[in-house]
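Engineer: There's a structure below that I have some questions on.
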Amino acid sequence: MPEKYRRSEVVKLTSAAPREADTEVSPYGSLKVSPSWGSLPDQSTGGSSSSSSSSSSSSSSSSSSSNNNNNNNNNNNNNNCNNNNSSSSSSSDIPSNRGPRAVGRAGQISQISEGLFLSGARAVRPARVAELGVTCVVNVTTELPNAPLQGVRVVAMRVADEPSADLASHLAAAADTIHQELCGGGRVLVHCVAGVSRSPALVLAYLVRHGGMALREAFLHVRAVRPSARPNSGFFSQLIEFEREEHGCSSVTLHLTPGGWVPDVCLEEAAAMQDKRCLAALSDRRGLQRVYA
């Protein structure tokens with residue numbers, strides 16, 4: 001494994017998804033998950049954020065405005081980076097057989113590595129957190145208060161669920177927080193509302209910074225244990241820049257599709273979703289009228 005992708009000894013990947021407790025009520029109650037979180041990214045990832053929590057909109061705008069140049073800027077770097085990735089991915093400490101896969105719904109907890117868990121807010125139940133031995137919870141939302149968990153340190157990183165939100169300023173801090181907790185023998189649960197975009201993005205930053213993994217490899221691993229995980233296009237743009245800062249190259253590029261900007265690791269999924277939308281429109285008279293309006 002190349003030195004720049006050297007994995008910390010504390011990072012031990014796992015595909016085992018912990019058993020989900022169904023009876024306990026989350027402190028957050030019964031949250032509704034917006035279906036838009038599972039849709040294609042918006043075509044425009046720039047502009048100012050409509051959320052007041054995105055105080056660094058100028059930083060996120062400059063990051064998202066560079067999306068148009070990602071394909072050209074990354075071509076030279078990707079060849080070198082991908083060569084290193086192939087060596088990194090063949091390492092014996094990366095399981096070739098991921099085993100049973102977590103469904104990854106908002107109410108389930110997915111185990112990313114030894115001591116690191118990812119979920120939506122509904123899964124943050126006191127008894128479940130205690131059962132897993134979680135010592136630190138990272139709350140990556142603007143809309144939810146910190147869960148009242150006795151004996152558990154809760155770290156709030158306020159990020160809006162919008163492509164233009166400033167995620168970049170939190171990536172290194174989140175990765176280091178997770179790493180320090182794990183190095184001290186603790187266990188970490190990272191959650192947002194649905195466990196689809198914000199919290200997976202911070203987990204990816206940790207795997208890139210301390211897990212010795214390229215962004216592409218990290219994303220494929222997270223998706224293997226939590227199939228619903230997919231940061232929005234703006235977050236992916238910032239993760240691409242983060243990987244370039246950490247490793248000197250990027251392993252993922254953004255591509256402009258009819259549905260908007262999509263990372264190349266999600267192109268097949270995006271195309272399938274677009275096909276389903278077209279078929280749904282063509283099978284519905286009103287949809288057909290909208291298509292030809």
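Residue numbers (UniProt numbering): 1 to 293.
Each residue gets a CB set at the ideal place from its N, CA and C atoms; glycine is no exception.
#1: When burial is assigned at 16 or more other CB atoms within 10 Å of the CB, is residue 108 buried or exposed?
#2: Which residue spans inside the UniProt domain "Tyrosine-protein phosphatase" (108-248) form an unbroken alpha helix (DSSP H) run of at least 4?
#3: For residue 39, count neighbouring Cβ atoms within 10 angstroms of its own Cβ and tell me buried if that reaches 16, exposed if not.
#4: Answer with buried or exposed for residue 161, where buried requires no fewer than 16 other C-beta atoms within 10 angstroms of its C-beta.
#5: In three-state DSSP terms, what is residue 265?
#6: Anyone know if the C-beta pair for residue 183 and residue 140 falls short of 7 Å?
#7: Would you mind sorting residue 122 into buried or exposed? The rule is 16 or more other CB atoms within 10 Å of its CB.
#8: Going by C-alpha to C-alpha distance, which of 128, 226 and 155 sits closest to residue 113?
#9: With 16 other CB atoms within 10 Å as the buried threshold, where does residue 145 fall?
#10: Rounded to whole angstroms, what's the CA-CA distance from residue 235 to residue 150? Just pull it up for me.
#11: Let's see if you can read the secondary structure: which residues bound the beta strand (DSSP E) around residue 253?
Structural biologist: Answer, in terms of the structure:
#1: In the sequence shown, the residue the question calls residue 108 occupies position 108. By the neighbour-count rule (16 or more Cβ atoms within 10 Å), residue 108 is buried.
#2: 126-132, 168-183, 198-209, 215-225 and 233-247
#3: The sequence position of residue 39 within the sequence shown is 39, counting from 1. Note that residue 39 has pLDDT 35, beneath the 50 cutoff, so the model's placement of it is unreliable and the number below is only indicative. By the 10 Å Cβ count, residue 39 comes out exposed.
#4: Position 161 of the sequence shown, counted from the first residue, corresponds to residue 161. Residue 161 should be labelled buried.
#5: Along the sequence shown, read from residue 1 onward, the residue named residue 265 stands at position 265. Note: residue 265 maps to helix in three-state DSSP.
#6: Along the sequence shown, one-based indexing puts residue 183 at 183. Along the sequence shown, one-based indexing puts residue 140 at 140. No. Outside cutoff.
#7: On the sequence shown, position 122 is the one that residue 122 refers to. Per the 10 Å Cβ criterion, buried.
#8: If you number the sequence shown from 1, residue 113 lands on position 113. It is 226 whose Cα lies nearest to the Cα of residue 113.
#9: Taking the first residue of the sequence shown as position 1, residue 145 is located at position 145. Per the 10 Å Cβ criterion, exposed.
#10: What you label residue 235 is simply residue 235 of the sequence shown in a count that begins at 1. What you label residue 150 is simply residue 150 of the sequence shown in a count that begins at 1. Approximately 32 Å between the Cα atoms of the pair.
#11: Numbered from its first residue, the sequence shown carries residue 253 at position 253. Per DSSP, residue 253 belongs to no beta strand (DSSP E) and is neither H nor E.
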